[in-house]
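A.B. asks:
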Amino acid sequence: MSRQKNETSLTQGEFRATASIAAIYMTRLLGLFMIYPVFAHYADGLTGATATTIGLALGAYGLTQGLLQIPFGLLSDRLGRRTLVIAGLALFCLGSVTAAMSHTITGVIVGRALQGAGAIGSVLLASVADVTRSETRTRAMAIVGVSIGFSFMVAVILGPLVAVFAGLSGIFWLTAGLALVGIVIASFVIPTRETHEAGIGIARASLRELITDPRLLELDFAIFTLHATMTALFLAVPMIVSRTLGLGGGSAWVLYLPVLVAAAGLMVPFVIIAEKHGRMNQIRLISVALIGLSELILLVLGNNAIGVVAALVIFFTAFTVLEALLPSALTKAAPASAKGTASGLYSSSQFIGIFVGGTIGGLAMDHGGAATVIGFVLALTLIWGASLALVSRRAASPQRS
Numbered sequence: 001m002s003r004q005k006n007e008t009s010l011t012q013g014e015f016r017a018t019a020s021i022a023a024i025y026m027t028r029l030l031g032l033f034m035i036y037p038v039f040a041h042y043a044d045g046l047t048g049a050t051a052t053t054i055g056l057a058l059g060a061y062g063l064t065q066g067l068l069q070i071p072f073g074l075l076s077d078r079l080g081r082r083t084l085v086i087a088g089l090a091l092f093c094l095g096s097v098t099a100a101m102s103h104t105i106t107g108v109i110v111g112r113a114l115q116g117a118g119a120i121g122s123v124l125l126a127s128v129a130d131v132t133r134s135e136t137r138t139r140a141m142a143i144v145g146v147s148i149g150f151s152f153m154v155a156v157i158l159g160p161l162v163a164v165f166a167g168l169s170g171i172f173w174l175t176a177g178l179a180l181v182g183i184v185i186a187s188f189v190i191p192t193r194e195t196h197e198a199g200i201g202i203a204r205a206s207l208r209e210l211i212t213d214p215r216l217l218e219l220d221f222a223i224f225t226l227h228a229t230m231t232a233l234f235l236a237v238p239m240i241v242s243r244t245l246g247l248g249g250g251s252a253w254v255l256y257l258p259v260l261v262a263a264a265g266l267m268v269p270f271v272i273i274a275e276k277h278g279r280m281n282q283i284r285l286i287s288v289a290l291i292g293l294s295e296l297i298l299l300v301l302g303n304n305a306i307g308v309v310a311a312l313v314i315f316f317t318a319f320t321v322l323e324a325l326l327p328s329a330l331t332k333a334a335p336a337s338a339k340g341t342a343s344g345l346y347s348s349s350q351f352i353g354i355f356v357g358g359t360i361g362g363l364a365m366d367h368g369g370a371a372t373v374i375g376f377v378l379a380l381t382l383i384w385g386a387s388l389a390l391v392s393r394r395a396a397s398p399q400r401s
């Protein structure tokens, strides 16, 4: 028993390497997420800004990220993970500087697209596989997932605080600095080539198998919908918060701090039940239902302060639970010989979701206001819940028989 436990526990070296890769994730995601709670408010003062172009600026990052995930993965197999991670972070830094120096919404859109061109998400996931054994990989991915959720919570609080003192450009300058920190970390911890299993990289031959696997398709759709929903909501929520609670721009942290502290506390038991008690699908279904509930509350009680606060606590709890669980679920579902390909498709889906959420959310905001945006994400969430329920039922059927 103890031998089996040791085999599935991360060694000191594996934990150190995984934590370092998670830190690179955090340096990148902190900068990305910081703009979400304040962008719609501050970008409104940029030349050429409309709800549609503001949504496009939020989503532009996701478009280039989504298109370049698999090419970056392919190149990392040939040139080494470290080279591609450093190159991607350099592009991310360049895009951040471009956005920081822009006074027009067009310049910010270009900067965000450049940020997205550093598409290292799938390379980082493959790097985790490189530095861990197959027996410990699920735990390592769970660490990465938790770090993503933690980054989101810290960034949503930090963004408004930075904006108070330095404005939107200050957030982009800080993001550029965080990218440089990520480059330093990557220079020491990312291996130049695979150190564990072969077959972790992007495999062209496995693509057909992966895009017809219902479990992987559902996970790709899950991360797509999660990030489309979040991006679209952050076009509507700042206006709702400002109207209902009188908190706009830099003062929004007064709301987000207690909301996210509550969400962090509520998230923990969900993750423990999912990972330690084997209730992954059940907890994911509950989380999707909670996201739908939060959207419904915003739609019906968007003018009520208690309703808005309750909706945000529910949404952020479910969001952070899913951010922590989905990478682990992907690792369990993907074939060992095609984890890199699966990671590339998953990461592409995530970032295309950001683009779709920002673009459609911006158009909806321009033509119908906040209620139209919330109606759009609620419909998307209902489709997501139905697809997850269907896949879960099919997966459970062989076990029953």
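In terms of the UniProt record's numbering, the numbers along the sequence shown are unbroken and rise by one, the last being 401. Positions of the beta carbon are idealized from the N, C-alpha and C atoms, including for glycine.
1. Between A43 and V108, which are expected to be in contact by the criterion C-beta below 8 angstroms, what is the C-beta distance as a whole number of angstroms?
2. Classify L79 as buried or exposed, calling it buried when 16 or more other Cβ atoms lie within 10 Å of its own Cβ.
3. Report the residue from M267, Q350, V308 whose alpha carbon sits nearest the alpha carbon of G62.
4. Decide if G13 is buried, meaning its Cβ has at least 16 other Cβ atoms within 10 Å, or exposed.
5. Within this structure, are the beta carbons of A334 and L216 separated by less than 8 angstroms?
6. Taking the C-alpha atoms as reference points, what is the distance between N281 and L363?
7. Determine the direct distance from the alpha carbon of R133 to that of L266, and round the result to whole angstroms.
8. Measuring only the C-alpha atoms, how far is I240 from W253?
9. When the Cα atoms are used, what is the spatial distance from T106 to T317?
10. With distances taken Cα to Cα, identify the nearest neighbour of M101 among L322, I148, I352, L46.
11. Note down, in chain order, each residue of its chain lying with its Cβ closer than 6 angstroms to the Cβ of G307, except the 5 sequence neighbours on either side.
12. When we look at the beta-carbon of S187 and count the other beta-carbons within 10 Å, is it buried (16 or more) or exposed?
13. Would R137 pass as a contact of T11 if the rule is Cβ separation under 8 angstroms?
14. Between the Cα of A329 and those of V181, E209, E275, D77, spot the shortest distance and give me the residue it belongs to.
15. With three or more beta-carbon pairs closer than 8 angstroms as the criterion, would you say the segment 284 to 299 touches the segment 162 to 178?
16. Would a C-beta distance cut-off of 8 angstroms place Y346 and D213 closer than the cut-off?
17. Give me the Cα-Cα distance between G118 and L260, rounded to the nearest whole angstrom.
C.D. replies: In this structure, then:
1. In the sequence shown, the residue the question calls residue 43 occupies position 43. In the sequence shown, the residue the question calls residue 108 occupies position 108. Contact flag correct, Cβ pair sits at about 7 angstroms.
2. Start at 1 with the first residue of the sequence shown, and residue 79 comes out as number 79. Classification for L79: exposed.
3. By 1-based counting over the sequence shown, the position of residue 62 is 62. Measuring from the Cα of G62, the nearest candidate turns out to be Q350.
4. If you number the sequence shown from 1, residue 13 lands on position 13. The residue in question, G13, is exposed, as its Cβ has fewer than 16 Cβ neighbours within 10 Å.
5. The residue given as residue 334 occupies position 334 in the sequence shown. The residue given as residue 216 occupies position 216 in the sequence shown. In contact: A334 and L216 (Cβ atoms closer than 8 angstroms).
6. In the sequence shown, residue 281 corresponds to position 281, counting from 1. In the sequence shown, residue 363 corresponds to position 363, counting from 1. Distance between the alpha carbons of N281 and L363: 33 angstroms.
7. Residue mapping note: residue 266 aligns to position 266 of the sequence shown, counting from 1. Residue mapping note: residue 133 aligns to position 133 of the sequence shown, counting from 1. Answer to the nearest angstrom: the Cα atoms are 31 angstroms apart.
8. By one-based count along the sequence shown, residue 240 stands at place 240. By one-based count along the sequence shown, residue 253 stands at place 253. The straight-line gap from Cα to Cα measures roughly 15 angstroms.
9. By one-based count along the sequence shown, residue 106 stands at place 106. By one-based count along the sequence shown, residue 317 stands at place 317. Straight-line Cα distance between these residues: approximately 34 angstroms.
10. Counting from 1 along the sequence shown, the entry for residue 101 is found at position 101. Answer by Cα proximity: L46.
11. For the purposes of this step, residue 307 is identified with residue 307 of the sequence shown, where counting begins at 1. Here the set comprises I297, L301.
12. Taking the first residue of the sequence shown as 1, we reach residue 187 at position 187. Around the beta carbon of S187, fewer than 16 other beta carbons lie within 10 angstroms, which makes this residue exposed.
13. As a working mapping, residue 137 is identified with position 137 in the sequence shown. As a working mapping, residue 11 is identified with position 11 in the sequence shown. Judged by beta-carbon spacing, T11 lies beyond the 8 angstroms limit of R137, meaning their Cβ atoms are not closer than that value.
14. Counted from its first residue, the sequence shown places residue 329 at position 329. Answer by Cα proximity: E275.
15. no
16. As a first step, residue 346 is located in the sequence shown; it is residue number 346 there, counting from the start. As a first step, residue 213 is located in the sequence shown; it is residue number 213 there, counting from the start. Cβ distance not < 8 angstroms, so Y346 and D213 don't count as in contact.
17. By one-based count along the sequence shown, residue 118 stands at place 118. By one-based count along the sequence shown, residue 260 stands at place 260. Roughly 29 angstroms separates the two Cα atoms.
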